[in-house]
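Encoded as structure tokens, the structure appears first; notes follow it.
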Amino acid sequence: MKKLLLVAALLSLGSGCVHREIVAFADHETKPLTALQVSVNRSYLVTSSREYVFYSCSEQGDKLTCKRLCGGSNDVVCPEASASAGGYATNIR
Numbered sequence: 710m711k712k713l714l715l716v717a718a719l720l721s722l723g724s725g726c727v728h729r730e731i732v733a734f735a736d737h738e739t740k741p742l743t744a745l746q747v748s749v750n751r752s753y754l755v756t757s758s759r760e761y762v763f764y765s766c767s768e769q770g771d772k773l774t775c776k777r778l779c780g781g782s783n784d785v786v787c788p789e790a791s792a793s794a795g796g797y798a799t800n801i802r
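Going by my numbering, the first residue of the sequence shown is number 710, and it counts up by one from there.
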């Protein structure tokens, strides 16, 4: 029974939810390009984090193909903030 409770506790710490919200977007005046800004919130049992991601999107007919400009595998880091029971931290300077 103790092992089952331990496994359940560990799984609950690793599970969470992700919420993405478009903060702003703007079309280029002369080219088929769109700038997109997205807020990504990740919530877990005892911690949470927020990342502000920038995309450059190109229009191809009725499709919008977006390229991430920061974070992920890019050299440029997106603005981030994280919170836990111990406090709050950010990479914004």
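All C-beta atoms in this analysis are idealised placements derived from N, C-alpha and C, irrespective of residue type, glycine included.
**Q.** Secondary structure, beta strand (DSSP E): runs of 3+ residues fully inside the segment 740-785
**A.** 742-753, 756-769, 772-777
Q. From T799 to P788, what distance separates their C-alpha atoms?
A. Position 90 of the sequence shown, counted from the first residue, corresponds to residue 799. Position 79 of the sequence shown, counted from the first residue, corresponds to residue 788. If I take the Cα positions, the gap works out to 8 Å.
Q) So what does V727 bridge to, in DSSP terms? A) The sequence position of residue 727 within the sequence shown is 18, counting from 1. DSSP output for V727 lists R751 as bridge partner(s).
Q) Under three-state DSSP, which class holds A792? A) Taking the first residue of the sequence shown as position 1, residue 792 is located at position 83. In the structure shown, A792 falls within a strand segment according to DSSP collapsed to helix, strand and coil.
Q.
To the nearest angstrom, how far is the alpha carbon of Y764 from that of G795?
A. One-based indexing of the sequence shown puts residue 764 at position 55. One-based indexing of the sequence shown puts residue 795 at position 86. Those two C-alpha atoms are separated by around 32 Å.
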